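In mature numbering (1 follows the signal peptide of the UniProt record, and there is no 0), the protein residues as written are -20 to -1, 1 to 182. Heads up, the thing below is written out as structure tokens.
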């Protein structure tokens, strides 16, 4: 049985990725609106998105996250299962100026650079790593330039699937990461897509 294995892993991954904006750990003013399957949450007056209504707020996934939510299957519901159902979400803002300082090779600061950096870091940590798209194209999500990608990999004996979306505003990138075990991909993929499609800048 897994006990927060993939939560700990992605916390490490995000720490290695880049130093995030300096003020993301301040007081949060989250507004929630329950719906039948999803609930809308808002971070301060900056952005909003919809998440599964069974998600709970967490504080130990990544210290740089503006929001971090998830679900861990209760032990008493596992029965004969070998793996628990774990499902997580983080949104992390990255100041463009801070990200540019890390791009010493090319100095290029755009959505493609974030996709490449994420894939490189994942490939360094995960075995059997694969990306759905090598060069995802920029598309518009609620009027925001966005790239989306998904990745598969193995951490020891644990097979992990996650989706990423990076949204670009004038001075900030917002990286949305959501992940689960590969065995539960079919159960959560639609919810992942809904979260990504619902992201809006206030």
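Think of the CB as a built atom: it goes at the ideal place given N, C-alpha and C, for glycine as much as any other residue. Bear in mind that the values here come from a model prediction, so they are computed numbers and not experimental data.
For the region 59 to 124, the continuous alpha helix (DSSP H) assignments of 4+ residues that do not extend past its boundaries occur at 76 to 82 and 91 to 105, in sequence order. Between residue 95 and residue 127, the C-beta gap is smaller than 8 Å, which places the two residues in contact. A Cβ-Cβ separation of about 5 Å places residue 29 in contact with residue 178 under the 8 Å criterion. Across the structure, residue 91 and residue 148 are spaced so that their CA atoms are roughly 7 Å apart. Contact check for residue 51 against residue 34 passes: the beta carbons are separated by less than 8 Å. Assignment of beta-bridge partners to residue 144 by DSSP yields 129 and 157. Judged by their CB atoms, residue 144 and residue 132 are not nearer to each other than the 8 Å cut-off.
With a beta-carbon spacing of about 18 Å, residue 124 and residue 31 fall beyond the 8 Å limit used to define contacts. The C-alpha of residue 111 is placed about 7 Å away from the C-alpha of residue 99. Bounds of the beta strand (DSSP E) holding residue 20 are 18 to 23.
DSSP places residue 162 in the helix class (H, G or I) of the three-state scheme. Residue burial is scored here from C-beta neighbours: residue 140 has at least 16 other C-beta atoms within 10 angstroms and is therefore classed as buried.
In the DSSP secondary-structure assignment, residue 47 is bridged to 71.
Nearest to residue 135 by C-alpha distance, out of 40, 172 and 160, is 160.
For residue 53, the secondary structure class from DSSP, reduced to helix, strand or coil, is coil.
Counting along the chain, the unbroken beta strand (DSSP E) around residue 31 starts and ends at 27 to 32. Closest by C-alpha distance to residue 45, out of 158, 170, 171 and 163, is 158. Here the alpha carbon of residue 27 sits roughly 12 Å from the alpha carbon of residue 122. Between residue 47 and residue 21 the beta-carbon gap is near 7 Å, inside 8 Å, which marks them as a contact. Nearest neighbour of residue 150 by Cα position, chosen from 75, 17, 67 and 65, turns out to be 75.
In this structure residue 37 is in contact with residue 49, their Cβ atoms being roughly 6 Å apart against a cut-off of 8 Å. Take the alpha-carbon of residue 102 and the one of residue 109: they are about 7 Å apart.
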